[in-house]
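Residue numbers (my numbering): 5 to 218.
A virtual CB, placed ideally from N, CA and C, is assigned to each residue, including glycine.
If you're wondering where the values come from, they're calculated on a predicted model, not measured in any experiment.
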């Protein structure tokens, strides 16, 4: 038989966590909803958020479990090339479940704010630069080597201008490891996906124009 004291303590912790989760979700509901709207319920984006909240990388299966997805359905969706997306309700429930007794609004709010700002910045940048990114892709003929050179020149110091390791660019673009060209859709999606808050139009445009002119 289990230790009644330990069992009682465990149940107490779960209750405390549930109560804390409700308080936290009620306080941050506006930010959670905004994050969902900006991310489109992307499992990848939610995984990045939860990994930062947990201060460790969480595997996709953990994220899917938190969101209440059926494992087989998720597998089938990925194999079909259409990753599932979470509803607003699923995200809110997942945040509530993720809360521990020691967590607080003060620890969750800055992380949520950071991810919201990243999405907002990506929207601003892509609204300004999608046309020129498309022009670059057309001139480069979708050549992976030329795309790699652009990304390299956009990388912050001390890696700026250094060759991207073989295979990494294909992984970033999410194309076949041996592919020498990629579609404009894959290029644009990759660019958007990897934008950070510090990546502004003023920083990117001059480098992009330089590569268009080559």
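The distance from the Cβ of residue 125 to that of residue 199 is about 6 Å, consistent with a contact at the 8 Å cut-off. At a Cβ-Cβ threshold of 8 Å, residue 173 and residue 151 count as neighbours.
Only residues of its own chain outside the window of five on either side were considered, and among them 165, 166, 167, 168 have a CB closer than 7 Å to the CB of residue 156, listed in chain order. Collapsing the DSSP output to three states places residue 138 in a helix.
Of the residues 207, 177, 131, 191, the one whose Cα lies closest to the Cα of residue 141 is 191. By the beta-carbon neighbour count (other beta carbons within 10 angstroms, threshold 16), residue 51 is buried.
Shown here, residue 103 sits in coil according to DSSP, grouped into three states, outside any helix or strand. A straight line joining the alpha-carbon of residue 69 with that of residue 108 spans about 23 Å.
Shortest Cα-Cα distance from residue 148 to any of 92, 128, 170, 123 involves 170.
When 27, 207, 30, 35 are compared, the shortest CA-CA separation from residue 120 is found for 35. Apart from the 5 residues on each side of it in sequence, residue 132 sits with its Cβ closer than 7 Å to the Cβ of 205 in its chain, given in chain order. Taking one beta carbon from each stretch, the region 95-109 and the region 75-85 have fewer than 3 pairs nearer than 8 Å; the two do not touch.
Residue burial annotation: residue 47 is buried, with at least 16 other C-beta atoms found within 10 angstroms of its C-beta. Contact check for residue 62 against residue 54 passes: the beta carbons are separated by less than 8 Å. Between the alpha carbons of residue 93 and residue 216 lies a gap of roughly 44 Å.
Relative to residue 176, the option among 163, 115, 24, 196 whose CA is nearest is 196. With a contact defined as Cβ atoms closer than 8 Å, residue 211 and residue 137 miss out at about 12 Å.
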